[in-house]
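My numbering applies: residue 752 is where the sequence shown begins, and numbers increase by one. Glycine included, C-beta positions come from ideal geometry on N, C-alpha and C.
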Amino acid sequence: QVQLVESGGGLVQPGGSLRLSCAASGITISIYAMGWYRQAPGKQRELVAAITSGGRTNYADSVKGRFTISRDNAKSTVYLQMNSLEPEDTAVYYCNAKRITTFWGQGTQVTVSS
């Protein structure tokens, strides 16, 4: 059974930082493209950052220079380091693993507010 479990969300003030983690089980993440998506209330789910099995990364324009995605295949974990957070970053953040089949985590809430 495949599971992606996100953690690290919470409430943070504007300008603050959070690091999200996605722990995977049931798959070998080294052969998967991994990604972080987010969905704000009333909006569609959108790609935030992705990393290929070879380590190539891409980011949404809105987070470039502020967020960093990384992976530790030995720990079956993907991370999203989020710096200089803005209220517009408030959303539920989801982890995604994609190869032939796509798997999703349950999400973790990130709230940026003073």
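{"Item": "Is it true that the CB of S813 sits closer than 9 Å to the CB of P838?", "Value": "no"}
{"Item": "Alpha carbon to alpha carbon, how far is D840 from T828? Give it in angstroms, no decimals.", "Value": "22 Å"}
{"Item": "Since Q832 and F818 are thought to touch, with beta carbons under 8 Å apart, how far apart are those beta carbons, to the nearest angstrom?", "Value": "7 Å"}
{"Item": "Indicate the three-state DSSP secondary structure (helix, strand or coil) for D823 in the structure shown.", "Value": "strand"}
{"Item": "Just to confirm before moving on: does the CB-CB distance between A775 and Q754 stay below 9 Å?", "Value": "yes"}
{"Item": "Is S772 closer than 9 Å to Y830 when the C-beta atoms are compared?", "Value": "yes"}
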